[in-house]
Amino acid sequence: MEFSRSISLKRLTMTPIEQLTFLLRAVPITLSISLLSFLLGLTLGIIFSFIRIYGIAPLRYIADGYEKVFRSVPVLSIMFLLYFGLGGYIPIFKDSYLTSVIALGLVSGANQSQIFRSSIGSIGRSQMLAATSLGLSSFKALRHVILPQALFLAVPGLGSEIALLIKDSSYSFIIGVLELMKHTDILRAATRSLVFPYIASALIYVALTFPLATYLDKWGSKKKRELGL
Amino acid sequence: MNVLECKNLVKVYGKVVAVKNVSLGIGRGETKVIFGPSGSGKSTLLRCLGLLEKPTSGNIYFNNVDVYATKQDLNKLRAKIGFVFQEPSLFRHLTALRNVMLGLKHVLGYSEEESRSKAMEALRLVKMEDWANYYPAQLSGGQQQRVGIARAIAMDPEIILFDEPTAALDVELKWEVISVMKDLADRGITMLIATHELRFAKEVADEMIFMDQGEIIEIGDAEQFFTSPTTERARRFMAKLLG
Chain A
1 MEFSRSISLK
11 RLTMTPIEQL
21 TFLLRAVPIT
31 LSISLLSFLL
41 GLTLGIIFSF
51 IRIYGIAPLR
61 YIADGYEKVF
71 RSVPVLSIMF
81 LLYFGLGGYI
91 PIFKDSYLTS
101 VIALGLVSGA
111 NQSQIFRSSI
121 GSIGRSQMLA
131 ATSLGLSSFK
141 ALRHVILPQA
151 LFLAVPGLGS
161 EIALLIKDSS
171 YSFIIGVLEL
181 MKHTDILRAA
191 TRSLVFPYIA
201 SALIYVALTF
211 PLATYLDKWG
221 SKKKRELGL
Chain B
230 MNVLECKNLV
240 KVYGKVVAVK
250 NVSLGIGRGE
260 TKVIFGPSGS
270 GKSTLLRCLG
280 LLEKPTSGNI
290 YFNNVDVYAT
300 KQDLNKLRAK
310 IGFVFQEPSL
320 FRHLTALRNV
330 MLGLKHVLGY
340 SEEESRSKAM
350 EALRLVKMED
360 WANYYPAQLS
370 GGQQQRVGIA
380 RAIAMDPEII
390 LFDEPTAALD
400 VELKWEVISV
410 MKDLADRGIT
420 MLIATHELRF
430 AKEVADEMIF
440 MDQGEIIEIG
450 DAEQFFTSPT
460 TERARRFMAK
470 LLG
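Read top to bottom, the protein sequences are chains A and B. For the record, in the first sequence the residue sitting at position 33 is 33 according to our numbering, with numbers rising by one throughout. For the record, in the second sequence the residue sitting at position 177 is 406 according to our numbering, with numbers rising by one throughout.
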């Protein structure tokens, strides 16, 4: 990259606004990694939590194993395994951006599966029974009665999960994704400033995570109260 | 002809025999009332008849077809057997109207508009049409039960099973639910009702069934239970209920 090659030669002088602008340019990447991995995690979380609660025995053990493994292994181990380990064999893992999304999504899926399990657990059994009594198939009962309520109940937990993903997306800097942490590092190297870039990017992370997580927490609690869930 | 019938029905949970060898039939247009102490197996019997629990042994017949022996599609039959629960069981994320529409749309396959108009009709029947767009949490217990009844009746079932629909309600809310059930009885809807509201039972029941410890102890008309129950157990229970 043109810019990063020039920095090894001489120290750049940039105004704080220029530095901040440079950091903010990485926000779309950070957010898109977080959002995509969240959606992947949401899909996996819903599927695995429903399998663990309503599934048949062998599938239930698989879901249980998935949850246990991906909740115990650091994101970075998974990212490295996929990128360095499988990258040589599977083309998709040659791409550091996609690898990050998948690694974060797999870990988030395990977290979200647990969030959904506890949400489903707090939906009274009478809801499923009432759905069954109308003649809804198990699938339709899950789809129209259990899932929507589980989603409402999961919102505060999902808010924290998004915040966690926004922060954890910074790991992908290590395999070379040009997201916020990578830009911070570039800025540090270019300006030889060890303070401003880190504080500025920390504040950006706070701005990305805190309001969203707080809002979702409030909204979820309000909905829960209103619907008497 | 019986709409719903069971023969020698037994339901065992672990070591507990909840229903012992019960045989019972409800004919078209009939209203029957089951009563008895709590834990007497009324709920379990109703859930078995509603095809919500599989009996341990015995047979259940719907329109004279043995449900389990002939491997019927249970969901299809459940749609024809209405069920009203004791505990609040409205879908909490849906408005009253949407609660009633759900089965119409996703079980019977009516369009959005048809479901809506049928659901409104059912809500009118239980005098809840003004509350169509309210969520369950915004309704009183009695109103919720009425919507629950509308949800069952909207499916146009051949029979409705009521599992102590007023037991969880305050005294002043009971009557609005009871008056709806009376109305249904007057319309000739086939019903099997578990209830302790004996005055109501006396008015609507073609037959009353006294259960204790999982067994049917005595069957008779309301008059008989009020004046001279034949069994000692029924006599004692009636004395307790009537204070």
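Here a beta-carbon is modelled for each residue, glycine too, at the ideal position from N, C-alpha and C.
Burial state of residue i, where buried means 16 or more other Cβ atoms lie within 10 Å
| i | result |
| --- | --- |
| residue 84/A | exposed |
| residue 13/A | exposed |
| residue 328/B | buried |
| residue 259/B | buried |
| residue 182/A | buried |
| residue 461/B | exposed |
| residue 470/B | exposed |
| residue 234/B | buried |
| residue 420/B | buried |
| residue 133/A | buried |
| residue 121/A | exposed |
| residue 438/B | buried |
| residue 251/B | buried |
| residue 136/A | buried |
| residue 145/A | buried |
| residue 230/B | exposed |
| residue 139/A | exposed |
| residue 1/A | Legend: pLDDT at residue 1/A = 46, less than 50; position of this residue unreliable, value from coordinates given subsequently. It counts as exposed. |
| residue 226/A | exposed |
| residue 240/B | buried |
| residue 111/A | buried |
| residue 52/A | buried |
| residue 18/A | exposed |
| residue 218/B | A question about residue 218/B goes unanswered here, because the residues of chain B that appear run from 230 up to 472. |
| residue 316/B | exposed |
| residue 117/A | buried |
| residue 50/A | buried |
Nearest candidate by alpha-carbon position, reference residue i, set the options
| i | options | result |
| --- | --- | --- |
| residue 404/B | 427/B, 272/B, 416/B and 420/B | 427/B |
| residue 220/A | 44/A, 201/A and 148/A | 148/A |
| residue 408/B | 445/B, 397/B and 356/B | 356/B |
| residue 393/B | 384/B, 297/B and 268/B | 268/B |
| residue 424/B | 240/B, 391/B and 363/B | 391/B |
| residue 174/A | 75/A, 45/A and 54/A | 75/A |
| residue 243/B | 398/B, 285/B and 235/B | 285/B |
| residue 337/B | 417/B, 465/B and 308/B | 308/B |
| residue 20/A | 188/A, 210/A and 209/A | 188/A |
| residue 288/B | 316/B, 331/B, 236/B and 416/B | 236/B |
| residue 434/B | 246/B, 262/B and 381/B | 262/B |
| residue 310/B | 277/B, 325/B, 341/B and 320/B | 277/B |
| residue 201/A | 64/A, 54/A, 59/A and 26/A | 26/A |
| residue 270/B | 253/B, 283/B, 247/B and 280/B | 247/B |
| residue 257/B | 266/B, 232/B, 245/B and 280/B | 232/B |
| residue 384/B | 334/B, 400/B, 365/B and 241/B | 334/B |
| residue 222/A | 153/A, 67/A and 35/A | 153/A |
| residue 115/A | 141/A, 48/A and 86/A | 48/A |
| residue 389/B | 358/B, 432/B, 339/B and 275/B | 275/B |
| residue 279/B | 468/B, 369/B and 422/B | 422/B |
| residue 43/A | 55/A, 129/A, 67/A and 109/A | 109/A |
For residue i: DSSP bridge partner residues
| i | result |
| --- | --- |
| residue 255/B | 233/B |
| residue 423/B | 263/B and 392/B |
| residue 440/B | 445/B |
| residue 290/B | 234/B and 295/B |
| residue 248/B | 240/B |
| residue 310/B | 388/B |
Whole-Å CB distance - residue i paired with residue j, under 8 angstroms assumed
| i | j | result |
| --- | --- | --- |
| residue 161/A | residue 33/A | Going by Cβ atoms, the distance from residue 161/A to residue 33/A rounds to 14 angstroms, so no, they are not a contact pair. |
| residue 378/B | residue 313/B | 6 angstroms |
| residue 79/A | residue 205/A | Actually they are not in contact, since the Cβ atoms of residue 79/A and residue 205/A sit about 19 angstroms apart, beyond 8 angstroms. |
| residue 40/A | residue 101/A | 7 angstroms |
| residue 319/B | residue 348/B | Wrong, their Cβ atoms sit about 13 angstroms apart, outside the cutoff. |
| residue 375/B | residue 228/A | About 17 angstroms; that fails the 8 angstroms criterion. |
| residue 361/B | residue 395/B | Not quite, the Cβ-Cβ distance comes to about 23 angstroms (not below 8 angstroms), so this is no contact. |
| residue 159/A | residue 212/A | 7 angstroms |
| residue 86/A | residue 93/A | 5 angstroms |
| residue 370/B | residue 397/B | 7 angstroms |
Chain D contact for residue i (CB, 8 angstroms cutoff)
| i | result |
| --- | --- |
| residue 67/A | The question asks about chain D, but that chain is absent: this structure's protein chains are A and B. |
query: Along the region 152-180 of chain A, what residues have a CB closer than 9 angstroms to any CB found in chain B?
result: Near chain B, meaning a CB-to-CB distance below 9 angstroms, the residues of the region 152-180 of chain A are 152.
message: For the region 288-309 of chain B, list every residue whose C-beta sits within 7 angstroms of some C-beta in chain A, in sequence order.
response: The region 288-309 of chain B vs chain A, Cβ under 7 angstroms: 304, 305, 307 and 308.
Contact list for the region 128-154 of chain A against chain B, Cβ threshold 7 angstroms: Within the region 128-154 of chain A, the residues whose Cβ lies closer than 7 angstroms to some Cβ of chain B are 129, 130, 132, 133, 134, 135, 136, 137, 140, 144, 145, 148, 149 and 152, listed in chain order.
query: In chain order, what residues of the region 372-390 of chain B put their CB closer than 9 angstroms to some CB of chain A?
result: Hits within the stretch, in order: 377, 380, 381, 384 and 390.
message: Give me the subset of the region 318-336 of chain B whose CB atoms are less than 7 angstroms from a CB atom of chain A, sorted by chain position.
response: Of all residues in the region 318-336 of chain B, only 318, 320, 321, 322, 331, 332, 335 and 336 place a beta-carbon less than 7 angstroms from a beta-carbon of chain A.
query: Which residues, in chain order, does the region 354-368 of chain B contribute to contact with chain A at a C-beta distance below 8 angstroms?
result: Close to chain A, meaning a Cβ-Cβ distance shorter than 8 angstroms, are the following residues of the region 354-368 of chain B: 364, 365 and 366.
message: Can you pull out the residues from the region 258-279 of chain B whose beta carbon lies closer than 9 angstroms to at least one beta carbon of chain A?
response: Residues of the region 258-279 of chain B that bring their beta carbon within less than 9 angstroms of a beta carbon in chain A comprise 276 and 279, in sequence order.
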